[in-house]
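Enquirer: Before we start, here is the structure in question, set down as structure tokens.
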Amino acid sequence: MKKYIIIIGLFLTSCRPYTKIHYSTNIGKCIHNLDVMQEWLQKDYRDGKIPLDVANNYMLVLQNTKCGLLKKTKGDEKEANCIK
């Protein structure tokens, strides 16, 4: 009987949906984290851990995200260096 209670308890707690997302409100820290991720991505590509097309896709996402944050803080595309 104890086993059933434990199993049901584990099942109920493990299937609970979590909607709380932790994030930084400091845009400067977010941009720094994106820069670090870009460095990791370049290193993984150089080390042969990921193929070129995957690296390019991830790099595009990182650059666009960083560009969006820079636009939000600076308010000007030219000043944020986001012109393609």
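The numbering used here puts the first residue of the sequence shown at 65, with every later residue one more than the last. Just so you know, even glycine gets a beta-carbon here, dropped at the ideal spot from N, CA and C. What you are looking at is a predicted structure, and each value in this text was computed from that prediction instead of being measured.
#1: At which residue ranges does the segment 90-114 contain complete alpha helix (DSSP H) runs of 4 or more residues, listed in the order of the chain?
#2: Quick check: I95 and K130, are their CB atoms within less than 8 Å of each other?
#3: Note down, in chain order, each residue of its chain lying with its Cβ closer than 8 Å to the Cβ of L98, except the 5 sequence neighbours on either side.
#4: Count the other CB atoms within 10 Å of the CB of L105; is the residue buried (16 or more) or exposed (fewer)?
#5: Less than 8 Å between the beta carbons of K135 and C146, yes or no?
#6: Between which two residues does the alpha helix (DSSP H) harbouring Y122 extend?
#7: In angstroms with no decimal places, state the Cα-to-Cα distance between Y109 and V100.
Expert: Let's see:
#1: 91-110
#2: yes
#3: L126, T129, K130 and L133
#4: buried
#5: yes
#6: L116 to K138
#7: 14 Å
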